[in-house]
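Take a look at the structure below.
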């Protein structure tokens with residue numbers, strides 16, 4: 001048990017700097033281009049970091065807590081990309097208290113923005129959906145754009161999610177990524193659920 005907990009902790013800390021630094025890079029690009037927007041992003045970033053630090057020591061959080069972190073992250077990117085970034089979040093009330101490993105959705109959102117903008121420079125749309133299906137938690141993360149396997153496969157964030165799902169829910173989860181008609185569709189299915 002202690003080994004498993006240590007392993008999960010190491011994997012989670014490996015992920016944290018990954019998306020924190022990516023957010024800082026977003027702010028950096030605007031410091032000289034548009035100081036007013038950069039200042040607004042720094043304020044949002046401060047709120048995001050403060051919220052994030054509240055969960056630094058936690059291996060698991062509720063789904064709604066993760067969604068709130070993502071909303072903070074998306075608000076920063078929305079300032080940067082303005083109308084080029086659209087997002088919609090639809091989380092069933094029945095799923096909000098379900099516990100999940102911390103930051104398992106975030107890497108896919110980050111990936112959607114980073115690579116989605118490269119393949120669709122006019123803008124992207126992101127959808128986050130969560131619901132229960134036969135007592136399984138279903139999380140869908142969809143975004144317009146094209147999948148970039150050679151980049152995605154070497155990225156630390158998605159590899160990290162796969163490892164933590166494998167360790168937390170052995171043989172009781174599914175992670176599926178599809179590229180369908182200009183949409184990247186990520187499906188996370190967790191069969192072993194419990195509420196906070």
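Numbering (the working numbering), first residue to last: 1 to 196.
Virtual Cβ for every residue (Gly too), placed ideally from N, Cα, C.
Bear in mind the structure is a predicted one, so any value in this text is a computation, not a measurement.
Applying the criterion that 16 or more other CB atoms from any shown protein chain within 10 Å of the CB defines a buried residue, is residue i buried or exposed?
i: residue 144; result: buried
i: residue 133; result: exposed
i: residue 32; result: exposed
i: residue 52; result: buried
i: residue 150; result: Any answer about residue 150 is weak, because its pLDDT of 48 lies below 50 and its placement is not dependable; what the coordinates show is given next. Label assigned to residue 150: exposed.
i: residue 116; result: buried
i: residue 99; result: buried
i: residue 121; result: exposed
i: residue 74; result: buried
From residue i to residue j, what does the alpha carbon distance come to, in whole angstroms?
i: residue 176; j: residue 113; result: 19 Å
i: residue 168; j: residue 36; result: 43 Å
i: residue 105; j: residue 58; result: 15 Å
i: residue 152; j: residue 109; result: Residue confidence for residue 152 is low, a pLDDT of 46 falling below 50, so the modelled location carries little weight; the figure read from the coordinates is stated next. Approximately 13 Å between the Cα atoms of the pair.
i: residue 30; j: residue 76; result: 12 Å
i: residue 146; j: residue 85; result: 15 Å
i: residue 187; j: residue 157; result: 16 Å
i: residue 137; j: residue 159; result: 21 Å
i: residue 96; j: residue 191; result: 16 Å
i: residue 154; j: residue 161; result: Residue confidence for residue 154 is low, a pLDDT of 47 falling below 50, so the modelled location carries little weight; the figure read from the coordinates is stated next. The straight-line gap from Cα to Cα measures roughly 13 Å.
i: residue 171; j: residue 163; result: 12 Å
i: residue 181; j: residue 27; result: 32 Å
i: residue 20; j: residue 178; result: 26 Å
i: residue 25; j: residue 60; result: 27 Å
i: residue 82; j: residue 64; result: 25 Å
i: residue 139; j: residue 5; result: 24 Å
i: residue 70; j: residue 49; result: 12 Å
Assuming residue i and residue j form a contact by the criterion Cβ under 8 Å, report the distance between their Cβ atoms to the nearest whole angstrom.
i: residue 89; j: residue 141; result: In fact, because the Cβ distance is near 10 Å, the residues do not count as touching under 8 Å.
i: residue 39; j: residue 72; result: So it is not a contact: roughly 17 Å between Cβ atoms.
i: residue 62; j: residue 196; result: 5 Å
i: residue 55; j: residue 102; result: 6 Å
Using CA atoms only, rank isn't needed, just tell me which of the options is closest to residue i.
i: residue 193; options: 173, 181, 184, 179; result: 173
i: residue 34; options: 80, 191, 67; result: 80
i: residue 41; options: 78, 21, 64; result: 78
i: residue 87; options: 163, 69, 124; result: 124
i: residue 197; options: 21, 95, 111; result: In this structure the chain extends from 1 to 196, so residue 197 is not present and cannot be described.
i: residue 189; options: 26, 165, 182, 179; result: 165
i: residue 66; options: 182, 130, 170; result: 130
Determine, using beta carbons only, whether residue i comes closer than 9 Å to chain D.
i: residue 47; result: Judged by its chain identifiers, the structure shown contains no chain D, having just a single protein chain.
Query - Every unbroken beta strand (DSSP E) within the segment 44-110, with a cutoff of 3 residues, ordered by chain - result: With a minimum length of 3 residues, the continuous beta strand (DSSP E) runs that stay inside the segment 44-110 are 60-62, 85-91, 99-101.
Query raised in the report: Going along the chain, which unbroken runs of the alpha helix (DSSP H) with 4 or more residues stay wholly within the segment 164-191?
Result: If we require 4 residues or more, the segment 164-191 turns out to have no alpha helix (DSSP H) run fully inside it.
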